[in-house]
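According to UniProt numbering, the sequence shown is numbered sequentially starting from 1.
Beneath this line is the structure, given in structure tokens, with notes to follow.
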Amino acid sequence: MTRPKIPQKIPKDLSISVPEEMSNWEKEARQRRVWGTSIHKQAGLRSGSEITFRQYLQLRVLWSKRQGIHKARDDLELGQFHIEATNWLAHFRPFQNYLNCLVNGINGDLDLGQFKYPLVLQLHTKSLAQVKAYRNDVISPNEEVVNVSLLTFLFAICAEHPALASMMGWTPQRVRLAAKFKKGTMKCHPDGLLVSDLTRQIELLVETKVGSRKKHGAPVFWQEAAELVCALSMSSLKGMHPSRAIVVSQDDQELYLAKAFASDEYIGFLSGVGVPEDEGKPKSENDFLRIKQWRPWRLTSREEVKQFAGLLLALILKARAAEEAARDAQEAESTGETEEVFLNER
């Protein structure tokens, strides 16, 4: 009896091509003969930007898409950090001037501070998006312009806050991230990132695309998931802390935040340590990586940009506080060990 062919077309319905529930994932995994197979036994893995649907399914990722600002604030547990961030931005004159210019156009009399450059780029990409772009047209919008626009905007949001004066490691460097499985390695190169000056650890990934997310479809989700998987697979000194695995993305005039929520079981699955023979048949959602995505926030809306900036700044403030607490604890432990050695030598 001839086995049915594996479907080759990518389903346009994102509930199928980007499963949100384990039952949807299992249905597609069985249909595409991924059920019972393991990413650890695959050689010749594609990079994140070229990942196939079958390889994506083997990564075992479930998404929760398009959630609002209140869910973002609560799910990210920003609490007091969000209050501090929004209050600070509300009284930071260059940011308020920037919001006004974003809607009304640049006013040369207003102090924009660090926001002048991202504002110029954002208005530029907005105007380009409104004209018909030709393949060889020198003024057509491209990913590099969108990427610089987003990175300078993220820098401006954080640059003047007194608690973040030295945490300005935003870079467009396409750092190589890699997830090493037993028989193959998956590589990713995000469009940019934020690196902590305290730990040199990656705090946020940046990904940009020309055109809307709707236009690009499922592969955008697959690529971002692959980047988060790679970052989580690497050591804490080179990758991302499991509790702070976040990607900031811009698709055309839309901004997104997405965070990976990784269980101990999933981290164990990535490492390949102690994985049972039936690893290709996950038993519960703990065996999956859950990625939550919030909004989009539109750059054409003053209120939505204000919301995004408040969340982004709160995220960085929270990460900074966690790093400083860890550093202080380590220094206290080192001091205690030194005192103990001194007493023993007396």
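By construction, the Cβ of each residue, glycine as well, lies at the ideal position given by its N, Cα and C atoms.
Between residue 161 and residue 313 the beta-carbon gap is near 7 Å, inside 8 Å, which marks them as a contact. The beta-carbon separation of residue 225 and residue 291, rounded to 6 Å, stays under the 8 Å limit for a contact.
In the DSSP assignment, residue 258 falls within the beta strand (DSSP E) that extends over 254-262. Cβ contact annotation for residue 181 (same chain, cutoff 6 Å, sequence separation greater than five): 39, 40, in chain order. The beta-carbon distance between residue 196 and residue 323, rounded to whole angstroms, is 6 Å. This is short enough to meet the 8 Å contact definition.
Annotation for residue 192: the continuous beta strand (DSSP E) segment containing it runs 192-195. The alpha-carbon separation between residue 106 and residue 118 amounts to approximately 12 Å. Approximately 6 Å separates the beta-carbon atoms of residue 25 and residue 62; this is inside 8 Å, confirming the contact. Burial is judged here by how many other beta carbons sit within 10 angstroms of a residue's own beta carbon; residue 251 has at least 16 and is buried. Counting every other CB atom within 10 Å of its CB across the protein chains shown gives residue 320 a total of 16 or more, marking it as buried. According to DSSP, residue 22 shares a beta bridge with no other residue.
Here residue 242 is near residue 232, since their CB atoms are less than 8 Å apart. About 4 Å separates the CB atoms of residue 110 and residue 97; that is less than 8 Å, so the two are in contact. Comparing C-alpha distances from residue 87 to each of 334, 330, 306 shows the shortest one belongs to 306.
The criterion of a C-beta distance shorter than 8 Å is satisfied by residue 209 and residue 143. Within the same chain, Cβ atoms closer than 6 Å to the Cβ of residue 65 are found at 293, the five residues on either side in sequence being excluded. Less than 8 Å separates the beta-carbon of residue 254 from that of residue 212.
Residue 67 is bridged by DSSP to 294.
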